[in-house]
Amino acid sequence: MFVLSSPSGAGKTTISRKLLAAEQNLRMSVSVTTRPMRPGEVDGKDYIFSDRAGFEQRVAQDGFLEWAEVFGNHYGTPRAEIEAGLEAGQDFLFDIDWQGTQQLYQRAEKDVVRVFLLPPSIAALESRLRNRGTDSAEVIAGRMARARSEISHWDGYDYVVVNDDIEGCFAKVRIILEAERLRRSRQTGLVDFVRGLVS
Ligand code: 5GP
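Quick note, the working numbering runs 9 ahead of the 1-based positions in the sequence shown.
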């Protein structure tokens with residue numbers, strides 16, 4: 010479980026897309042959310058959109074690996090699909106906030122790698138949020154406040170990468186993924202392989 014968190018506007022979506030395109034065995038974990046669908050979003054692909062009652066039902070059925078309230082809406086990682094995928098050797102990329110990251114880590118410490126992306130400066134973050142052109146000044150101000158609060162959780166992560174250049178940041182995140190895959194504890198089948206080598 011490869012977790013990528015960042016304040017909004019730090020380039021997480023771009024880095025996620027590049028990672029998914031480059032890494033065959035990495036699949037996006039699609040979250041359930043109660044927030045309204047944004048233009049261009051596809052139900053079942055970007056998120057599984059749900060009403061509050063449906064979300065609460067899943068919570069009651071222990072249907073989430075983690076869930077949290079973010080910006081007044083509920084977001085959660087559906088358990089069944091992720092658990093089945095992990096069992097089959099599938100790696101997952103998670104775009105979740107610090108609260109969800111903490112829950113995943115508490116649940117499955119050894120299977121979780123936590124990466125936090127930071128913007129090079131607050132000015133750069135603000136300009137990225139402005140350049141999206143989709144939100145009002147009020148919404149941007151709200152996001153800036155939340156970004157500062159999200160940034161304050163940087164120390165709950167294993168790796169921190171400053172995204173001052175997309176290609177450089179992508180390369181670093183990819184190196185983290187590759188190195189974590191090479192951990193002895195994550196290389197299933199290694200015992201038999203080595204036995205074959207020495208017998
Ligand atoms: P957005 O509404 O802009 O897509 O996402 C808002 C925030 O919710 C982002 O910081 C994103 O990482 C977080 N988020 C998305 N899905 C989940 C989830 O399943 N669990 C948690 N804890 N956070 C999520």
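Beta carbons: idealized from backbone N, C-alpha and C, even for Gly.
W76 is positioned such that its CB atom lies no closer than 8 Å to that of F125. A Cβ-Cβ distance of about 5 Å is found for the pair V41 and S59, placing them in contact under the 8 Å criterion. Inter-residue distance for Y56 and A132 is about 29 Å (C-alpha atoms, whole angstroms). In this structure, F58 has its CB at a distance of at least 7 Å from all heavy atoms of the ligand 5GP. Under the criterion of beta carbons closer than 8 Å, F73 and P87 qualify as touching, at roughly 6 Å.
In the structure shown, E50 falls within a coil segment according to DSSP collapsed to helix, strand and coil.
By the neighbour-count definition (other C-beta atoms within 10 Å, threshold 16), E159 is a buried residue.
Only residues of its own chain outside the window of five on either side were considered, and among them none has a CB closer than 7 Å to the CB of A93. Here the C-alpha atom of V79 lies approximately 8 Å from the C-alpha atom of D106.
The Cβ neighbour count for N172, taken over all protein chains shown within 10 Å, is at least 16; the residue is labelled buried. Between R44 and N82, the CB-CB gap stays under 8 Å. Every beta strand (DSSP E) stretch that sits fully inside the segment 103–137 and reaches 3 residues is listed by chain position as 122–127. In this model, R67 and V148 are separated by some 30 Å (Cα to Cα). Bounds of any alpha helix (DSSP H) do not take in S208, whose DSSP letter is neither H nor E. Annotated as proximal: V12 and V122, with beta-carbon spacing under 8 Å.
In terms of CA proximity to E189, D120 leads the group R139, D120, L134. Taking C-alpha positions only, G20 is separated from R193 by approximately 31 Å.
Rounded to whole angstroms, the separation of the alpha carbons of G53 and S17 is 22 Å. Beta-bridge analysis with DSSP links A77 to Y84.
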